[in-house]
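Trainee: For any residue, its number in my numbering is found by taking its place in the sequence shown, counting from 1, and adding 220. One structure is given below, represented as structure tokens, and several questions about it will come after.
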Amino acid sequence: LSLKIKAFADTCPGLDQYAIRAFGKALAVVPRTLAENAGLDQGVVLAALGAAHASGKIRAGVDIDQMGVTGSTGVCDETDVLDLYTTKASALKLAIDSSLTVLRVDQIIMSKKA
Numbered sequence: 221l222s223l224k225i226k227a228f229a230d231t232c233p234g235l236d237q238y239a240i241r242a243f244g245k246a247l248a249v250v251p252r253t254l255a256e257n258a259g260l261d262q263g264v265v266l267a268a269l270g271a272a273h274a275s276g277k278i279r280a281g282v283d284i285d286q287m288g289v290t291g292s293t294g295v296c297d298e299t300d301v302l303d304l305y306t307t308k309a310s311a312l313k314l315a316i317d318s319s320l321t322v323l324r325v326d327q328i329i330m331s332k333k334a
């Protein structure tokens with residue numbers, strides 16, 4: 221999802237593309253945190269995961285069982301993990317709503333005259 225949002229940002233004109241790109245970058249926190257908690261090298265995992273998704277392997281994910289395996293990228297091409305879509309959609313919606321609320325409050329504070 222992060223790669224697709226970053227690619228979409230390239231098609232947007234003006235300053236909006238920076239906000240969209242930052243949102244896509246923020247979504248990379250999830251695999252980074254998984255890799256860090258599993259004791260894997262975050263940079264290697266994110267690079268390998270991005271390469272796998274860019275090559276069309278959309279089911280690739282962080283493989284926490286690769287902790288301590290020499291030469292491992294920490295990414296498996298096929299994950300058999302099944303999650304409820306509604307849970308993920310709800311969590312993403314709540315995160316976006318929270319971000320928008322913070323931005324609205326920030327705009328109100330900045331627009332007040334001192």
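Backbone N, C-alpha and C fix where the C-beta goes; we use that ideal spot for every residue, glycine too.
Measuring only the C-alpha atoms, how far is Lys224 from Leu314?
Mentor: About 20 Å.
Trainee: Short of 6 Å in beta carbon distance, which residues of its chain neighbour Asp230, apart from the five on each side in sequence? Order them along the chain.
Mentor: The answer is none, since no qualifying residue turns up.
Trainee: In terms of alpha-carbon separation, which member of Ala274, Asp297, Leu323 lies closest to Val282?
Mentor: Taking only the C-alpha atoms, the option nearest Val282 is Asp297.
Trainee: Is the beta carbon of Gln262 sitting closer than 8 Å to the one on Ala255?
Mentor: Yes. Within cutoff.
Trainee: If we count the other Cβ atoms within 10 Å of its Cβ and call it buried at 16 or more, is Pro233 buried or exposed?
Mentor: Exposed is the call here.
Trainee: Within 10 angstroms of its Cβ, does Ser319 collect 16 or more other Cβ (buried), or is it exposed?
Mentor: Classification for Ser319: exposed.
Trainee: Run through DSSP, which three-state label would Gly281 get?
Mentor: Of the three classes helix, strand and coil, the one that applies to Gly281 here is strand, per DSSP.
Trainee: Does the distance from the CB of Leu269 to the CB of Val250 come in under 8 Å?
Mentor: Result no, Cβ atoms of Leu269 and Val250 do not sit closer than 8 Å.
Trainee: To the nearest angstrom, how far is it from the Cα of Thr306 to the Cα of Gly276?
Mentor: Rounded to whole angstroms, Thr306 to Gly276 spans 24 Å at the Cα level.
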